[in-house]
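Residue numbers (the numbering used here), protein chains in the order written: chain A, 5 to 427; chain B, 5 to 427. We treat Cβ as the ideally placed atom computed from N, Cα and C, and that holds for glycine.
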């Protein structure tokens, strides 16, 4: 069910942490108004935590962005509907079963679980948000989740970030969290988030699960705006394999339990400047961790496109490079194969001036004037490509649009994992 | 530089023919007005034929479709320009060097080669069509080609199909040709084509090189229309890895040297019905051979989408399935993982009714009513998936649009080949 250190049958193997994983789990502060809990409910996995519950203080607002898949999972449709009220009291997430493509039984399972969480916590079912990740097309064994609710409630505590991050994993090889402190009106507010994802990651919205919490006091429409904006430069800027899940969900919650600040009524309020930056930092950090856990990944790749007609065009070109199997396999092979980068720029369908295209790999300029530089020496670039962090910069020479995307390489291990794991 | 039988370093290995290759090279008839020749010119490869020349009788018309890449190679730009006249007297193709992203030197190389071919054959340079395939970004050693022209001319013969098909290969593990006989006005005309391609194959136009010849008498505008139409259902319906080359070229030539038929002045002429069918048959046959030579391919996959809003929508959904790394690795692993098919339908962005989505794998219906069928038994489907020819049929339940695409699986061998081969 996850990366193996050697070859052979991944499902039978032991988990090997991604070589690109951060050295340790970060320090994540408590967020006033947020309590977390996680238990082993046996949804699919045995002997590991697989359900997480966050209880949110009354008055918490919620924002969210979801997969654009036309075959979205039942919990996604539930959240999209409940988001309209802007209120949240809880979020419950299970791993092991996506409750996707499960027909009316899936809808019914969502209602059952939301009702049971609401009963356990004494809130309205509409204020309970849900996410499920794992196998598609198998009925959700919702009774295993509802039976675990009392245990989940008893375990609620403000500091259980690591436990929560671990419970939402599927093929992830390490738990993912990030935190920052932002100022509004000179007062400090916490922002903390957890995320999961390693395969089926593509940037057509969120492409994985992420839950971000703050104790600032933000009206739901403002929070929604901030979330959508931060999402564009973070979760929408990563790609592991170009595939988009049926369950991608990013939810943000603002509990209003931090220090009192003057009322904010617009996302354009200049007092939110620092908060916006820090929210983006947390979400970008989580997004990059997802790439670092890309299935089979051995290299972390940053693709920066500049000189495009617009940032939207730059993003499309960046993703064309990041999603190209030929570029990704060249990176896996430590091959500074800039011809494939040219190919990927060309196929993106966005305006690019072939004869002004400037490609840099690491610190080395490679092309200019529609051809390789006369003084280009491949040897140091090939040595650079053997490293674990690869920067590719492309200027397409037609405008000022700019965008950065993050991806990983495509290795034989990716194929081994996915030729076998039933996701 | 091509598939290896075992693991390890592909470049150092011996060529192993794709397990999906046809049993033998087909019988290809002579086409009146077409003479072929191929030689080893040492463009890049040693000890193998790498340049092919076809001489075409005076009066030959030409049609063509090309890559949509914004970084198209110099020969593509040359052909696109020369196609306007509708006339052709020769086509010269080299393997080993794509003359792509070679700046002004590339443009100059094209003019030099076309001029030399014209001088050798006694025609106008504008009537010489060119294609190059191979490494991107290295100057074309055009003198090696021009030095070989006299040898090429001396070797011209009507039956040299196999030799020509072999000379245009790069990572191809077998030469590709197809032929048919079509009737116009009750008289027989030959159609014969050769093609190359195995990696960097995606369907945004031609996605490889193909050259098709007939002795029918077709005005250039009619030939162009027939070519574009046949292309949509053939070369535009295949995908190996979703990548698009800078050099994709399909050229068709009509020599008018077959039996005399009454003048055709419109592609809509009903007398062309059989010719259209046979042209499509030849081009589809070549396209499918390219998939059968997909880098690392171990299975040939036919994806048929029906019930879409339009054939265009059906094609997008089909390609979303065919290009999904998760679907392709599942096929490689003989895993009937229909959940990934649901995912790929969802991410295509086209209208689909999740609750009417019907998926069949081989002869087995898998889903109905938004979930897996109650009587679905995976065992026989898993056995079927172990075969070399996999049929996936998906009805998305919203309209009458239909399209079939062909692809192959994504194997560890694909990664091994592309992490190493400098294309």
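To be precise: take each residue of the segment 52-73 of chain B, compare its Cβ to all Cβ atoms of chain A, and keep it if any distance is under 8 angstroms. Which residues remain?
71, 72, 73
Whose Cβ in chain B lies nearer than 7 angstroms to the Cβ of residue 374 of chain A?
Here residue 374 of chain A refers to the residue found at position 370 of the first chain. Those within 7 angstroms of residue 374 of chain A in chain B are 105, 107.
Alpha carbon of residue 265 of chain B to alpha carbon of residue 400 of chain B, nearest angstrom:
Mapped onto the second chain, residue 265 of chain B falls at position 261. Mapped onto the second chain, residue 400 of chain B falls at position 396. Using only the alpha carbons, I get a separation of about 45 angstroms.
For a cutoff of 9 angstroms on Cβ pairs, would you count residue 116 of chain B as touching chain A?
Walking along the second chain from the start, residue 116 of chain B turns up at place 112. No, because no Cβ of chain A sits closer than 9 angstroms to the Cβ of residue 116 of chain B.
Could you tell me whether any Cβ in chain B is nearer than 9 angstroms to the Cβ of residue 368 of chain A?
Counting from 1 along the first chain, the entry for residue 368 of chain A is found at position 364. Output row for residue 368 of chain A: interface = no.
For residue 211 of chain B, which of helix, strand or coil comes out of DSSP?
Against the second chain, residue 211 of chain B aligns to sequence position 207. Only weak support is given to the placement of residue 211 of chain B: the predicted model assigns it a pLDDT of 43, under 50, and the value that follows is read from those uncertain coordinates. Residue 211 of chain B falls in the coil class under three-state DSSP.
Would residue 369 of chain B be called buried (16 or more neighbouring beta carbons within 10 Å of its own) or exposed?
Residue numbering aside, residue 369 of chain B sits at position 365 when the second chain is read from its first letter. With fewer than 16 Cβ atoms within 10 Å of its Cβ, residue 369 of chain B is classed as exposed.
Could you compute how far the alpha carbon of residue 411 of chain A sits from the alpha carbon of residue 262 of chain B?
For this step, residue 411 of chain A is matched to residue 407 along the first chain. For this step, residue 262 of chain B is matched to residue 258 along the second chain. Distance between the alpha carbons of residue 411 of chain A and residue 262 of chain B is about 55 angstroms.
Beta-carbon proximity check, residue 187 of chain A vs residue 278 of chain A, cutoff 9 angstroms
Here residue 187 of chain A is taken as the residue at index 183 of the first chain, counted from 1. Here residue 278 of chain A is taken as the residue at index 274 of the first chain, counted from 1. Yes, the pair counts as a contact, with Cβ atoms nearer than the cut-off.
Which whole runs of the alpha helix (DSSP H) in the segment 235-318 of chain B are 4 residues long or more, in chain order?
277-296
Residue 8 of chain B, DSSP secondary structure in three states
Within the second chain, the letter at position 4 stands for residue 8 of chain B. In this predicted model, residue 8 of chain B has a pLDDT of only 27, less than 50, meaning its place in the structure is not dependable; the value taken from the coordinates is given anyway. Coil at residue 8 of chain B, not helix or strand.
Hey, quick one: how far does the alpha helix (DSSP H) through residue 418 of chain B stretch, first residue to last?
For the purposes of this step, residue 418 of chain B is taken as the residue at position 414 of the second chain. Residues 416-422.
Can you look up residue 359 of chain B in the DSSP assignment and give me helix, strand or coil?
Sequence index remark: in the second chain, residue 359 of chain B carries index 355 (1-based). Helix, per DSSP.
Taking the straight line between their C-alpha atoms, what separation do you get for residue 294 of chain A and residue 387 of chain A?
Taking the first residue of the first chain as 1, we reach residue 294 of chain A at position 290. Taking the first residue of the first chain as 1, we reach residue 387 of chain A at position 383. Cα-Cα distance, rounded: 26 angstroms.
Helix, strand or coil: which one does DSSP assign to residue 390 of chain A?
Taking the first residue of the first chain as position 1, residue 390 of chain A is located at position 386. Correct three-state label for residue 390 of chain A: coil.
Determine the direct distance from the alpha carbon of residue 62 of chain A to that of residue 349 of chain B, and round the result to whole angstroms.
For this step, residue 349 of chain B is matched to residue 345 along the second chain. For this step, residue 62 of chain A is matched to residue 58 along the first chain. Using only the alpha carbons, I get a separation of about 39 angstroms.
If we ignore side chains and look at the alpha-carbon of each, how far apart do residue 11 of chain B and residue 22 of chain B end up?
Residue mapping note: residue 11 of chain B aligns to position 7 of the second chain, counting from 1. Residue mapping note: residue 22 of chain B aligns to position 18 of the second chain, counting from 1. Because the pLDDT of residue 11 of chain B is 26, which lies under 50, any placement of that residue in the model is unreliable, and the number read from its coordinates should be weighed accordingly. Using only the alpha carbons, I get a separation of about 15 angstroms.
Please confirm if residue 228 of chain B has its CB atom under 9 angstroms from at least one CB of chain A.
Start at 1 with the first residue of the second chain, and residue 228 of chain B comes out as number 224. Answer no: the Cβ-Cβ gap between residue 228 of chain B and chain A never drops below 9 angstroms.
Nearest candidate by alpha-carbon position, reference residue 390 of chain B, set B:365, B:91, B:46
The residue given as residue 390 of chain B occupies position 386 in the second chain. Of the candidates B:365, B:91, B:46, the one whose C-alpha sits nearest the C-alpha of residue 390 of chain B is B:365.
Exposure label - residue 190 of chain A; buried when at least 16 CB within 10 Å
Here residue 190 of chain A corresponds to residue number 186 of the first chain, with the count starting at 1. Exposed, by the Cβ-count rule.
Cβ-Cβ distance between residue 283 of chain A and residue 333 of chain A below 9 angstroms:
As a first step, residue 283 of chain A must be located in the first chain, where it is residue number 279. As a first step, residue 333 of chain A must be located in the first chain, where it is residue number 329. Residue 283 of chain A is not a Cβ neighbour of residue 333 of chain A, given a cutoff of 9 angstroms.
Residue 140 of chain A at chain B interface by Cβ criterion, 9 angstroms:
Here residue 140 of chain A is taken as the residue at index 136 of the first chain, counted from 1. By the rule that beta-carbons nearer than 9 angstroms mark a contact, residue 140 of chain A touches chain B.
Does any C-beta atom of chain A lie closer than 9 angstroms to the C-beta of residue 388 of chain B?
Numbered from 1 along the second chain, position 384 holds the residue referred to as residue 388 of chain B. No, residue 388 of chain B does not count as interfacial toward chain A.
Simplified DSSP assignment, three categories, for residue 54 of chain B:
Indexing the second chain from 1 puts residue 54 of chain B at position 50. If DSSP states are grouped into helix, strand and coil, residue 54 of chain B belongs with coil.
For residue 150 of chain A, the first and last residue of its enclosing alpha helix (DSSP H)
Here residue 150 of chain A is taken as the residue at index 146 of the first chain, counted from 1. Its alpha helix (DSSP H) spans residues 146-151.
Assign residue 156 of chain B to one of three DSSP states: helix, strand, or coil.
Counting from one through the second chain, the residue named residue 156 of chain B turns up at place 152. In this structure, residue 156 of chain B counts as helix in the three-state DSSP scheme.
Counting only beta-carbon atoms, is residue 293 of chain A nearer than 9 angstroms to chain B?
The sequence position of residue 293 of chain A within the first chain is 289, counting from 1. No - not a single Cβ of chain B is within 9 angstroms of the one on residue 293 of chain A.
Does the segment 35-51 of chain A come into contact with the segment 97-111 of chain A, if we say contact requires no fewer than three beta-carbon pairs (one atom in each stretch) closer than 8 angstroms?
Verdict: yes, contact present.
Residue 140 of chain B - DSSP class collapsed to helix/strand/coil:
On the second chain, residue 140 of chain B is found 136 positions in, with the first residue counted as 1. Residue state, collapsed to three classes: coil.
Unbroken beta strand (DSSP E) run spanning residue 88 of chain B, endpoints
As a working note, residue 88 of chain B is residue 84 in the second chain. Where residue 88 of chain B is concerned, there is no enclosing beta strand (DSSP E), given that its DSSP letter is neither H nor E.
For the beta strand (DSSP E) that residue 195 of chain A lies in, which residues bound it at each end?
As a first step, residue 195 of chain A must be located in the first chain, where it is residue number 191. Note, residue 195 of chain A: beta strand (DSSP E), 191-200.
Would you call the segment 24-31 of chain B and the segment 340-355 of chain A touching, i.e. three or more CB-CB distances under 8 angstroms?
no
Same chain only: Cβ atoms within 8 angstroms of residue 159 of chain A, ignoring 5 sequence neighbours per side:
Your numbering for residue 159 of chain A matches position 155 in the first chain. 41, 42, 43.
Give me, in chain order, the residues of the same chain whose beta-carbon lies closer than 7 angstroms to that of residue 53 of chain A; leave out the 5 immediate sequence neighbours on both sides.
By one-based count along the first chain, residue 53 of chain A stands at place 49. Once the five neighbours on either side are set aside, the close Cβ partners of residue 53 of chain A are 42, 43, 44, 167, 170, 171.
Under a CB-based cut-off of 9 angstroms, is residue 212 of chain A close to chain B?
Residue mapping note: residue 212 of chain A aligns to position 208 of the first chain, counting from 1. No, residue 212 of chain A does not count as interfacial toward chain B.
Residues bridged to residue 98 of chain A by DSSP?
The residue labelled residue 98 of chain A in the question sits at position 94 within the first chain. Beta-bridge pairing links residue 98 of chain A to A:55, A:136.
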